[in-house]
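Have a look at the structure below, then the notes.
Residue numbers (the numbering used here), protein chains in the order written: chain A, -14 to 229; chain B, 7 to 134.
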């Protein structure tokens, strides 16, 4: 743990991340939030190592950062950080928590990334026809590398679906993921009810190659109703690492 | 001795990488490919397969389920399961079917060691 309870976001009840403080505090304490950020940091470290190895020349650029926020704040933040058309590779999650994991990056980085991931004897023009399927595999490895580490640290299983490749703005891709995550239109009150309750965790991952910088985000969206289960698991994790 | 290896993975990119690694280490081997568990068993009827490298996260049977069926059909086959999903429960499931676990992205040396190990009779897992 890097900080004790109460040290992260100022006075209790104050603004935390992108969410009005009071609603937020009912769901996650500062210590739980810090534990989640720490787990995310370790997961994203693993994911960026995996991505770097797949595309050869890329290296980790920055210390990964983690933010926890509500969906509207996440869409604003992602829209500012990654304007323009994006690629999103998503997987639905079950187990320790229900939700969606999403690897998001600018569409202009897609073909260079796929070209870099091809075996050495494959001509670069193969990248175009293979783009969708290669993105699915790259995303699958990035997301599973992070999630497996987090699951092992938490001591619980996380089930992952097959990857889906989506294109559009950050807002459109998040909306698609949430629709896919709530078959039948969501909880009571429909999509609006679901939106009011779910939570987004943003993990930032920046990688630099000699010729390009890939600024991507790994997004974890938790379904409404998942937060209780996650809090229980986080509590046990905190108890173990603090020796309590 | 020349052997035949089958790569079972729904990702063409992954199959390309695995095929290239096998042929770099074992240039005289034959390599066949399947995109899922069902196709694996169709290909088994067409070729005598000695070694299987199977992805975990696939449509239909996952890699461990496919490996268990393959093990029942061909008890002496050498199997490795490849995945970035190194969760404890997944890895122990892989070991329980007597398969080697190789994390994605694949490490070329580890693949080389697995391929070299197939020259010897397969060691049984404790659970078998």
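In this text, a Cβ means the ideal position worked out from N, Cα and C, and glycines have one as well.
The C-beta distance from residue 203 of chain A to residue 59 of chain A rounds to 12 angstroms, too long to fall under 8 angstroms, and the pair is not in contact. Think of a sphere of 8 angstroms around the beta carbon of residue 106 of chain A: the chain B residues whose beta carbon falls inside it are 26, in chain order. For residue 147 of chain A, at least one C-beta of chain B is nearer than 8 angstroms to its own C-beta. Contact between residue 37 of chain A and residue 205 of chain A does not hold, since their C-beta atoms are separated by about 21 angstroms, which reaches or exceeds 8 angstroms.
Around residue 125 of chain A, the beta-carbon contacts reaching into chain B at under 8 angstroms are 17, 63, 90. Under the 8 angstroms criterion on CB atoms, residue 101 of chain A is classed as non-interfacial with respect to chain B. Secondary structure note for residue 99 of chain A: its alpha helix (DSSP H) is the uninterrupted segment 95 to 102. Taking a contact as a CB-CB distance under 8 angstroms, the pair residue 31 of chain B and residue 56 of chain B does not count as one, their CB atoms being some 14 angstroms apart. DSSP, reduced to helix, strand and coil, places residue 15 of chain A within a helical segment of the structure shown.
Residues of chain A whose Cβ lies closer than 7 angstroms to the Cβ of residue 94 of chain B are, in chain order, 137.
In the three-state scheme derived from DSSP, where H, G and I count as helix and E and B as strand, residue 120 of chain B is classed as helix.
Judged by beta-carbon spacing, residue 138 of chain A lies beyond the 8 angstroms limit of residue 212 of chain A, meaning their Cβ atoms are not closer than that value. Taking C-beta separations shorter than 8 angstroms and ignoring five residues to either side along the sequence, the partners of residue 17 of chain A in its chain run 216, 219, 220, 223, following chain order.
Sixteen is the threshold: when 16 or more other Cβ atoms of the shown chains lie within 10 Å of the Cβ of residue 111 of chain B, as they do, the residue is buried. Of B:78, B:21, B:125, the smallest CA-CA separation from residue 7 of chain B is found for B:125. DSSP places residue 22 of chain B in the helix class (H, G or I) of the three-state scheme. Interface residue (Cβ-Cβ distance to chain B less than 8 angstroms): residue 142 of chain A is classified as such.
At a cut-off of 8 angstroms, the C-beta of residue 110 of chain A has no neighbouring C-beta in chain B. In this structure, DSSP gives residue 8 of chain B a state outside helix and strand, which the three-state scheme calls coil. Under DSSP, no beta-bridge partner is assigned to residue 60 of chain A. One alpha carbon belongs to residue 129 of chain B, the other to residue 71 of chain B, and they sit about 20 angstroms apart.
Listed by position along chain B, the residues whose Cβ is nearer than 8 angstroms to that of residue 165 of chain A form an empty set, because the closest Cβ is around 16 angstroms away. Against residue 98 of chain B, chain A offers no close residue; the least beta-carbon distance is about 11 angstroms (beta-carbon pairs closer than 8 angstroms). Residue state for residue 17 of chain B is assigned as coil, using DSSP reduced to three classes. The Cβ-Cβ distance between residue 199 of chain A and residue 88 of chain A does not fall below 8 angstroms. Chain-ordered, the chain A residues with CB closer than 7 angstroms to the CB of residue 23 of chain B read 104. For residue 111 of chain B, at least one C-beta of chain A is nearer than 8 angstroms to its own C-beta. Per the C-alpha coordinates, the member of B:10, B:104, B:63 positioned closest to residue 74 of chain B is B:104. At least 8 angstroms separates the CB of residue 151 of chain A from every CB of chain B. Any Cβ of chain A closer than 8 angstroms to the Cβ of residue 36 of chain B would place that residue at the interface, and such an atom is absent. With respect to chain B, the C-beta atom of residue 202 of chain A has no partner C-beta closer than 8 angstroms.
One thing to note: residue 13 of chain B has its Cβ within 8 angstroms of the Cβ of residue 24 of chain B.
Non-local beta-carbon contacts of residue 109 of chain A in its own chain, meaning distances under 8 angstroms to residues more than five positions away in sequence, involve 100, 103 in chain order. Within the same chain, 155 come within 6 angstroms of residue 64 of chain A by CB-CB distance, once the 5 residues on both sides are set aside. Separation of the CB atoms of residue 29 of chain B and residue 37 of chain B is rounded to 7 angstroms, and the pair is thereby assigned contact status at 8 angstroms. In this structure, the beta-carbon distance from residue 117 of chain A to residue 150 of chain A falls below 8 angstroms.
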